[in-house]
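For the sequence shown, position 225 (counting from the first letter as 1) is numbered 224 according to numbering that gives the first Met the number 0, and the numbering increases by one without interruption.
Glycine included, C-beta positions come from ideal geometry on N, C-alpha and C.
Predicted model, so just to flag it, every value in this text is computed and none were measured.
Down below is the structure, laid out as structure tokens.
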Amino acid sequence: MEFNRPIVLSIAGLDPCGGAGLLADIKVFEQHEVYGLGISTAQTVQTENAFYSIRWEKDINILDAVSRMLSHYEVAAVKIGIVQNLGSLHQLVSVIHQKSSNIKIIVDPVIRSTTEFSFWQQGVDEILLYQLLQNLELITPNYKEIVQLVNETDAIEAAKKLSQYCNVLLKGGHNEDEPGVDYLFMKTEVTRLYPGTSKIFPKHGSGCILSSAIAAQLARGNDLITACRKAKSYTEKVLLSNSSLLSYHVF
Numbered sequence: 000m001e002f003n004r005p006i007v008l009s010i011a012g013l014d015p016c017g018g019a020g021l022l023a024d025i026k027v028f029e030q031h032e033v034y035g036l037g038i039s040t041a042q043t044v045q046t047e048n049a050f051y052s053i054r055w056e057k058d059i060n061i062l063d064a065v066s067r068m069l070s071h072y073e074v075a076a077v078k079i080g081i082v083q084n085l086g087s088l089h090q091l092v093s094v095i096h097q098k099s100s101n102i103k104i105i106v107d108p109v110i111r112s113t114t115e116f117s118f119w120q121q122g123v124d125e126i127l128l129y130q131l132l133q134n135l136e137l138i139t140p141n142y143k144e145i146v147q148l149v150n151e152t153d154a155i156e157a158a159k160k161l162s163q164y165c166n167v168l169l170k171g172g173h174n175e176d177e178p179g180v181d182y183l184f185m186k187t188e189v190t191r192l193y194p195g196t197s198k199i200f201p202k203h204g205s206g207c208i209l210s211s212a213i214a215a216q217l218a219r220g221n222d223l224i225t226a227c228r229k230a231k232s233y234t235e236k237v238l239l240s241n242s243s244l245l246s247y248h249v250f
């Protein structure tokens, strides 16, 4: 099947308010002129202000859908959002990598929502984590998430540790030394991504938006540093779009 646009797959939760997860990702893909496919990992009940409940899809159903989509479509990049646990993520990454090692996989490790709901009920097996990281293009944790992934209390040290296995974009929302500055760790190289403005409005789902924008930029052929810079610029425009917690998607 031929498309004039690159194809990107989002594997994420369904947020009925559309600010985060699968619905937000598809909006991002459309703005970036890539064709978006979507597979739901969970049905949530939430608004931009509160999280009420979640019903996880069965791993076997998610994996079957992923396998069928990748068999039918030539997918350039995959963005993965909320999953039930590290084991589920490992299975997903394995299936994608087996289908094609050329697919760029971006994982946004959403361990806890902005409304403080915890998605991962189990601890992190670091050996399993390191195995799956080697098949990823990028992970996009914030400062709170990354120290939950490895046995480190310092986010920078945790990023250095993980970057030996996978590129790491440490998001700068909690960066006290350089507010708003993201750090892209690529093994021994660290690139600072500076914000274009400090006048932004907080948004529900901003991490989802950034990671899906990176996936779209990679699918369009950009290198990782360029993709992250362009995605950060896009996300800032979304954050400036209005003063509410929900986003208008503008390029």
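Item                                                                                                                                                                                 : Value
Buried or exposed for Asp-252, please, with buried defined as at least 16 other CB atoms from any protein chain shown within 10 angstroms of its CB.                                 : Shown here, the chain extends from 0 to 250; a query on residue 252 therefore has no answer.
For Thr-43 versus Glu-56, is the C-beta spacing smaller than 9 Å?                                                                                                                    : no
Here's the rule: buried if 16 or more other CB atoms are within 10 angstroms of the residue's CB, otherwise exposed. What is Lys-143?                                                : exposed
I'd like the list of long-range same chain contacts for Ala-218, defined as Cβ closer than 6 Å, with 5 residues on each side in sequence excluded.                                   : Pro-5, Val-7, Val-33, Ala-75, Ala-76
Between Leu-91 and Ile-10, which are expected to be in contact by the criterion C-beta below 8 Å, what is the C-beta distance as a whole number of angstroms?                        : 6 Å
Measuring CB atoms only, is the stretch 89-103 touching the stretch 20-32, in the sense that at least three cross pairs come out at less than 8 Å?                                   : no
With 16 other CB atoms within 10 Å as the buried threshold, where does Gln-83 fall?                                                                                                  : buried
Could you give the first and the last residue of the continuous alpha helix (DSSP H) run that contains Ala-218?                                                                      : 205-218
Contact defined as beta carbons within less than 8 Å: I believe Ile-105 pairs with Ser-246. What is the distance between those atoms, to the nearest angstrom?                       : Not a contact, Cβ separation roughly 19 Å.
Arg-54: buried (16+ other C-beta within 10 angstroms of its C-beta) or exposed?                                                                                                      : exposed
By Cβ distance, which residues of its chain are closer than 8 Å to Ile-280, with the 5 residues on each side in sequence left out?                                                   : Residue 280 lies beyond the stretch modelled for the chain, which goes from 0 to 250, so this question has no answer here.
Comparing C-alpha positions only, which one of Gly-204, Ser-240, Asn-141 sits nearest to Ile-25?                                                                                     : Gly-204
If you reduce the DSSP assignment to three classes, tell me which class Thr-234 lands in.                                                                                            : helix
Between the Cα of Tyr-51 and the Cα atoms of Leu-21, Pro-15, Ile-38, which residue gives the shortest distance?                                                                      : Pro-15
Kindly list the residues whose CB is nearer than 7 Å to the CB of Ala-158, restricted to its own chain and excluding five residues on each side of it in sequence; keep chain order. : Ile-145, Val-167, Leu-169, Tyr-182, Phe-184
Helix, strand or coil for Ser-197, going by three-state DSSP, please let me know.                                                                                                    : coil
When the Cα of Gly-195 is compared with those of Gly-35, Ile-208, Glu-235, Asp-153, which residue comes out closest?                                                                 : Glu-235
From Gln-163 to Lys-186, what does the alpha carbon distance come to, in whole angstroms?                                                                                            : 5 Å
In chain order, what residues of the same chain have a beta carbon less than 6 Å from the beta carbon of Ala-226, not counting five sequence neighbours either side?                 : Ile-213, Gln-216, Leu-217
Residues in its own chain within less than 6 Å of Leu-148 by CB, not counting five upstream and five downstream?                                                                     : Val-123
Between Ile-199 and Leu-239, which are expected to be in contact by the criterion C-beta below 8 Å, what is the C-beta distance as a whole number of angstroms?                      : 6 Å
Based on Cα-Cα distance, which residue from Ile-208, Gly-220, Lys-202 lies nearest to Ser-242?                                                                                       : Lys-202
For Lys-103, which three-state DSSP category applies?                                                                                                                                : strand
Going by DSSP, which residues form a beta bridge with Asp-181?                                                                                                                       : Leu-192
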